[in-house]
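Each protein sequence line maps, in turn, to chains A and B.
Under the numbering used here, the final residue of the first sequence carries the number 217; numbering is consecutive throughout.
Under the numbering used here, the final residue of the second sequence carries the number 208; numbering is consecutive throughout.
We put the CB at the ideal spot given by N, CA and C, even for glycine.
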Amino acid sequence: MSVPSETFKSLVKAAAEQVIASAPELTSLDQAIGDGDHGTNMKRGCEAVLGKLDAISAQPLDEAFKMIGKTLVMTVGGASGPLYGSFFLAAGEALSHDKQLPDDLADVFGSAVNAVSARGRSKVGEKTMLDVLVPVLETLKASAGQPDLIARVRSTAAEAVERTAPMQATKGRASFLGARSVGHVDPGARSSCVLVQAVCAGLEARA
Amino acid sequence: MTDTVGIVIVSHSADIAKGTADMVRQMVGSEVKVAFCGGNPDGGLGTSVPLIIDAINAAWSPKGVAVLVDLGGAETNSEMAVEMLEPARRDLVVVCNAPIVEGAVMAATEAAGGSTLAQVKAVAEELSAD
Numbered sequence: 011m012s013v014p015s016e017t018f019k020s021l022v023k024a025a026a027e028q029v030i031a032s033a034p035e036l037t038s039l040d041q042a043i044g045d046g047d048h049g050t051n052m053k054r055g056c057e058a059v060l061g062k063l064d065a066i067s068a069q070p071l072d073e074a075f076k077m078i079g080k081t082l083v084m085t086v087g088g089a090s091g092p093l094y095g096s097f098f099l100a101a102g103e104a105l106s107h108d109k110q111l112p113d114d115l116a117d118v119f120g121s122a123v124n125a126v127s128a129r130g131r132s133k134v135g136e137k138t139m140l141d142v143l144v145p146v147l148e149t150l151k152a153s154a155g156q157p158d159l160i161a162r163v164r165s166t167a168a169e170a171v172e173r174t175a176p177m178q179a180t181k182g183r184a185s186f187l188g189a190r191s192v193g194h195v196d197p198g199a200r201s202s203c204v205l206v207q208a209v210c211a212g213l214e215a216r217a
Numbered sequence: 079m080t081d082t083v084g085i086v087i088v089s090h091s092a093d094i095a096k097g098t099a100d101m102v103r104q105m106v107g108s109e110v111k112v113a114f115c116g117g118n119p120d121g122g123l124g125t126s127v128p129l130i131i132d133a134i135n136a137a138w139s140p141k142g143v144a145v146l147v148d149l150g151g152a153e154t155n156s157e158m159a160v161e162m163l164e165p166a167r168r169d170l171v172v173v174c175n176a177p178i179v180e181g182a183v184m185a186a187t188e189a190a191g192g193s194t195l196a197q198v199k200a201v202a203e204e205l206s207a208d
């Protein structure tokens, strides 16, 4: 699938704007079980990405993803900076140096998810962003080529984020709370869901 | 002075980072290069990769640099900062699994005696052993 620069630009813009719009919700989730800065941190990072949007979308896809990753690393300020940064840096590594998305998106997404797991020394089931990203990866693999792939990814993300509520955190700041982390949706899982949903919405609008 | 391991202190709070560095300097004087940073890119509580990179370069020594951190994000951002250093420096920086204040003081004391990076890290991390 070839991705015209304008499409890529509008997808990045929509995803960043959606995260910025969700900042108050992310902050309130993080106040419940973390240190309350996830919304402002992600907002700062996404605003920095929007500020470089023209430069980013002028690049071949691999370089564009790496620029997004590096921008998030340098501006987010919390652990989510290196985590999301590593996601985009690894996706950039896995993409080719042109405007073409590979047929097998799950491969690129899988490399990105592995990088998040390695950076956070975390795995699925620990009440983190991986609890959205890994189910999304599984849907990308299982439903590759299906006409309703995007709708399946959307519902996977929406269901996965809710499943983080009953989990007990064992990684990150929420792990300090032990059993008291149970009952709250994980803020990182929510921001991952927001990003996935925004990209899906953008792709559906284009189709 | 250039022959001792450098120490970098990374806290979510600029006040804690500075206070820890003050304690280290009182213990070991100016024999060891000490740099610190704290706060997110907007100056609030948090950590910042560019500030950590600057601090590592400020404390740079040919014997390497030991980084002491407080909470999770400081560790994750410090690991990211190390990977973004110029390649020749990456292998000479370690992030220590140690309490920030005690770890910094122990690491700097060890460094002042001319120990290697591995020895400095080991001494700081003894504090985390059960």
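Across the segment 72-106 of chain A, CB contacts with chain B closer than 9 Å involve K80, V83, M84, T85, V86, G87, G88, A89, S90, G91, P92, L93, G95, S96, in sequence order along the chain. Annotation: G150(B) to S38(A) spans about 20 Å, alpha carbon to alpha carbon.
The Cβ atoms of V206(A) and V163(A) sit closer than 8 Å to each other.
DSSP lists I87(B) as the beta-bridge partner residues of F114(B). Bounds of any alpha helix (DSSP H) do not take in A144(B); it lies within the beta strand (DSSP E) bounded by 143-147.
Under the 10 Å beta carbon count, K76(A) is surrounded by 16 or more other beta carbons and is classified as buried. Residues of the segment 123-144 of chain B with a C-beta atom less than 8 Å from some C-beta of chain A are L123, G124, T125, S126, V127, P128, listed in chain order.
Under the criterion of beta carbons closer than 8 Å, K53(A) and A25(A) do not qualify as touching, at roughly 13 Å.
Rounded to whole angstroms, the separation of the alpha carbons of A100(A) and A122(A) is 5 Å. Going by beta carbons, P177(B) and L195(B) fall outside the 8 Å limit. Residue contact check for D120(B) against chain A: a CB pair falls below 8 Å. Counting along the chain, no alpha helix (DSSP H) covers V171(B); the unbroken beta strand (DSSP E) around it starts and ends at 171-174. In the structure shown, Q110(A) adopts extended strand secondary structure according to DSSP, grouped into three states. Closest in C-alpha terms to V112(B), from the list V198(B), A182(B), G191(B), comes A182(B). The Cβ neighbour count for R183(A), taken over all protein chains shown within 10 Å, is at least 16; the residue is labelled buried.
Contact residues of the segment 38-56 of chain A toward chain B are D45, D47, T50, N51, R54 (C-beta to C-beta distance below 8 Å).
Pairing K19(A) with K109(A), the inter-Cα distance amounts to about 12 Å. In the DSSP assignment, H48(A) falls within the unbroken alpha helix (DSSP H) covering 48-61.
With respect to the 8 Å criterion, I131(B) and A92(B) are not classified as neighbours on the basis of their beta carbons. When rounded, the separation of the alpha-carbon atoms in G122(B) and D40(A) is 16 Å.
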